[in-house]
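Asks: Just so we're aligned: 116 in my numbering is position 114 of the first sequence, and the numbers increase by one with no gaps anywhere.
Ideal placement from N, C-alpha and C gives every residue a C-beta, glycine not left out.
Okay, handing you the structure first.
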Amino acid sequence: MVWPLNIKDAKAVQEGLRHKVKIFPLSKQPRYIAAADAAFIDDKIIAAVCVYKYQGIEYLEHEIVVRKITFPYIPGYLTFREGPAIVEAIKKLKTIPDVIIFDGQGIAHPKGLGIASHIGVLLDMPTIGCAKSRLTGTFKEPGQRKGQWSRLMCNGKTIGAVLRTRDNVRPVFVSAGHKIDLKTSVDIIVHCTGNYRIPLPQRCADMIAKSVKKDLGKRV
DNA sequence: GCGACAG
DNA sequence: ATCTTGTCGC
3 MVWPLNIKDA
13 KAVQEGLRHK
23 VKIFPLSKQP
33 RYIAAADAAF
43 IDDKIIAAVC
53 VYKYQGIEYL
63 EHEIVVRKIT
73 FPYIPGYLTF
83 REGPAIVEAI
93 KKLKTIPDVI
103 IFDGQGIAHP
113 KGLGIASHIG
123 VLLDMPTIGC
133 AKSRLTGTFK
143 EPGQRKGQWS
153 RLMCNGKTIG
163 AVLRTRDNVR
173 PVFVSAGHKI
183 DLKTSVDIIV
193 HCTGNYRIPL
203 PQRCADMIAK
213 SVKKDLGKRV
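This is the structure in structure tokens:
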């Protein structure tokens with residue numbers, strides 16, 4: 003798997019993959035669900051991906067990958083910065099997840115190819131984008147109660163959902179990644195939500211990445 | 001040219 | 001994302 007190292011090549015890659023994204027409902031309820039996230043320290047990126055059993059949201063396993071950063075953070079090109087390490091971590095898993103949640107957008111992206119959609123196409127797996135803030139699109143503030151959501155719009159099209167995962171807290175931005183649709187994505191995110199704003203598997207990946215970062219920091 | 005801008 | 005202490009609120 004080759005990754006571009008500059009904006010020019012990255013744009014070409016996005017152009018070649020953007021039309022390969024497929025949106026349709028998940029055929030069956032997932033058995034295993036995973037989530038990925040990353041942390042940074044010096045010139046390295048720490049990718050963490052954890053797998054949960056969908057029924058009852060039970061933790062099963064996690065994998066970690068640490069490698070050098072090869073691309074800067076540029077809005078709209080997050081995949082090229084975090085994708086390489088995250089994909090490696092996903093490939094190390096013993097349990098193949100039925101759907102993967104990403105900390106970022108799915109199709110709610112300027113080119114319709116956020117990190118969730120991009121990696122979904124690369125791995126040919128169902129993926130969901132669950133970002134903590136908006137990248138593109140307009141919306142009305144959703145109701146203040148957990149579970150309430152409003153549509154994220156772009157050119158008259160619904161590209162995602164602004165979902166309240168807890169009462170009176172900032173909403174998250176959910177969008178279909180690949181091989182799934184918005185309704186199913188929202189249902190899954192709601193199912194994975196405990197008493198925190200961030201879905202449990204995603205929160206787990208975040209904590210693991212940060213914990214590894216802490217260890218790498220105190221090099222003994 | 002100006003403002004926006006996932007992590 | 002990351003840098004950072006205490007602090008207000010459920």
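1. Is Ile210 helix, strand or coil by DSSP?
2. Can Leu125 and Gly106 be called in contact, C-beta distance under 8 Å?
3. Would you mind reading off the limits of the alpha helix (DSSP H) that contains His193?
4. Opposite Trp151 in the DSSP bridges: which residues?
5. Would you kindly work out how many angstroms separate the C-alpha atoms of Met127 and Ser135, rounded to a whole number?
6. May I ask you to verify whether the stretch 194 to 206 touches the stretch 108 to 121, counting CB pairs closer than 8 Å and requiring at least 3?
7. Starting from the Cα of Thr97, find the closest Cα among Phe175, Glu65, Pro144 and Lys13 and give me that residue.
8. Please classify Gly158 as buried or exposed, where buried requires at least 16 neighbouring CB atoms within 10 angstroms.
Replies: Let me spell this out:
1. DSSP, reduced to helix, strand and coil, places Ile210 within a helical segment of the structure shown.
2. Against a cut-off of 8 Å, the Cβ pair of Gly106 and Leu125 comes out as no contact.
3. Segment Leu184 to Cys194, the alpha helix (DSSP H) holding His193.
4. Leu165
5. 24 Å
6. no
7. The closest CA to that of Thr97, considering only Phe175, Glu65, Pro144 and Lys13, is found on Glu65.
8. exposed
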